[in-house]
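Residue numbers (the UniProt record's numbering), protein chains in the order written: chain A, 1 to 150; chain B, 1 to 150.
Backbone N, C-alpha and C fix where the C-beta goes; we use that ideal spot for every residue, glycine too.
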DNA sequence: CAAATTAGTTGACAGTGTCACCTAACGTGG
DNA sequence: CCACGTTAGGTGACACTGTCAACTAATTTG
């Protein structure tokens, strides 16, 4: 059936898809009902209070159109709030709400569980190596003008 | 700005997204105009002549509804053809056309280029290690009943 | 042989992502 | 100070990716 490791392209597609499905299952189990992009945006705000839409989009390497929509929904769900940016009238500073912080704790647990399932049997050293190699590749992609999506 | 390697979840999302964008750019540059899912399906048929829709869906770990649609478009584009399956009246055997094989060569070149951009500066050993670790994680995800999407 | 299962297909809809365009605020240079 | 260029946020439109449900016809099972 499968040929695991047959090449990098297939492997990456499978890994990403598999992880996303697993993460979604964990999120669903906790009845959190947030799509992945929402989770990532909320996490960015949680980790970086006073983010702006622009900074979130840049950090996530996503189009601002998409981010604007996601932020709107997080706002409507009461997970984040906006306050005027005193240094720039065009933008607003984003903060997690109490509710948002509580949800975030559960999302972090879901992420940990999904990662644990994915990495079962790997040593800490192997994991660190994988993460480091991944980061180098991400840096390559970010530095390459023809690949840079943003 | 970024915190590369801050955790596995973010890293994977970034890596997958970055690679996909890079691959799409390579495909676009060659004016092949095929979405990623179509590319993967065509490649599966190219590598495994006499595939059926079911076997493609299983190999790609995708829903048969999606595969049916993609196959239909590849058919319409003249990249694949269907022939009756002599051993099962419900299914058809899939083959690449001449055109499909020619396109596939260009797609393979695009994949190679994208992978080269992503892995610049990594040694062959590092690359092999990454692929091996990835495959082990894919196997974990596939084996886990709560993560298994198919 | 009837019932259960399976291969392929279609409908409906949600999530992800891109490009174009707009308004208002900010930054720059004369 | 002001005109002009740039930027932050937002919206429209549409393509791609993916899931679940339901259906028909063929195959398998007991």
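Quiz prompt | Distance between residue 90 of chain A and residue 17 of chain B (C-alpha atoms, nearest Å) | solution = 29 Å
Quiz prompt | C-beta neighbour in chain B for residue 135 of chain A, strict 9 Å | solution = yes
Quiz item: How about residue 82 of chain B and residue 92 of chain B: are their beta carbons less than 9 Å apart?
Solution: yes
Quiz prompt | Between the CA atoms of residue 115 of chain B and residue 128 of chain B - distance to the nearest angstrom | solution = 13 Å
Exercise. Go through the segment 71 to 98 of chain B residue by residue and report every complete run of the beta strand (DSSP E) that reaches 3 residues or more, in order.
Key: Those beta strand (DSSP E) runs which fall completely within the segment 71 to 98 of chain B and span 3+ residues are 80 to 84 and 92 to 96.
Quiz item: Is it right to say residue 28 of chain B is buried, meaning 16 or more other beta carbons lie within 10 angstroms of its own, or is it exposed?
Solution: By the 16-neighbour rule on beta-carbons within 10 angstroms, residue 28 of chain B is exposed.
Quiz item: If you follow the alpha helix (DSSP H) that residue 129 of chain B is part of, which residue opens it and which one closes it?
Solution: 124 to 143 is the extent of the alpha helix (DSSP H) around residue 129 of chain B.
Exercise. Report yes or no: do the segment 74 to 88 of chain A and the segment 119 to 127 of chain A share at least 3 C-beta pairs separated by less than 8 Å?
Key: Between the segment 74 to 88 of chain A and the segment 119 to 127 of chain A there are fewer than three inter-stretch CB-CB distances shorter than 8 Å, so the stretches are not counted as touching.
Exercise. May I have the straight-line CA-CA distance separating residue 3 of chain A from residue 60 of chain B, to the nearest angstrom?
Key: Its pLDDT being 41, under 50, residue 3 of chain A is placed unreliably in this model, and the value from its coordinates should be taken loosely. Approximately 11 Å, taken between the alpha carbons.
Quiz item: Leaving out five residues before and five after residue 5 of chain B in sequence, what residues of the same chain have Cβ atoms less than 8 Å from its Cβ?
Solution: Bear in mind that a pLDDT of 36 at residue 5 of chain B, under 50, signals an unreliable position, so the number given afterwards is only what the model happens to contain. Only 11 meet the Cβ criterion.
Quiz prompt | Delimiting residues of the alpha helix (DSSP H) encompassing residue 37 of chain A | solution = 36 to 47
Practice problem: Compute the Euclidean distance between the alpha carbons of residue 15 of chain A and residue 43 of chain B, then round it to the nearest angstrom. | Solution: Approximately 18 Å, taken between the alpha carbons.
Quiz item: Do three or more CB pairs link the segment 129 to 142 of chain B to the segment 129 to 140 of chain A at distances below 8 Å?
Solution: yes
Self-check item: chain A residues whose Cβ lies nearer than 7 Å to that of residue 118 of chain B
Solution: 137, 140 and 141
Quiz item: Is there a Cβ from chain A that is less than 9 Å from the Cβ of residue 61 of chain B?
Solution: Taking Cβ atoms only, chain A reaches closer than 9 Å to residue 61 of chain B, which makes this a yes.
Self-check item: Contact with chain A by residue 38 of chain B, beta-carbon distance below 9 Å
Solution: no
Quiz item: From this set, A:39, A:71 and A:36, which residue's C-alpha is nearest residue 53 of chain A's C-alpha?
Solution: A:71
Practice problem: Pull up the distance between the alpha-carbon of residue 51 of chain B and that of residue 140 of chain B, whole angstroms please. | Solution: 26 Å
Quiz prompt | Partners in chain B for residue 210 of chain A, counting only beta-carbon separations shorter than 7 Å | solution = The structure shown does not extend to residue 210 of chain A, since chain A is modelled only from 1 through 150, so no value can be given for it.
Self-check item: Pair within 9 Å by beta-carbon distance, residue 13 of chain B and residue 40 of chain A
Solution: For residue 13 of chain B and residue 40 of chain A, yes; Cβs fall inside 9 Å.
Practice problem: Compare the beta carbon distance of residue 32 of chain A and residue 103 of chain A with 9 Å and say whether it is the shorter of the two. | Solution: yes
Self-check item: Residue from B:30, B:37 and B:100 with nearest C-alpha to residue 64 of chain B
Solution: B:37
Quiz item: Thinking C-beta only, is residue 145 of chain B closer than 9 Å to residue 95 of chain B?
Solution: Not closer than 9 Å, so no.
Quiz item: Going along the segment 72 to 94 of chain B in order, which residues come within less than 7 Å of chain A, judged by CB to CB distance?
Solution: none
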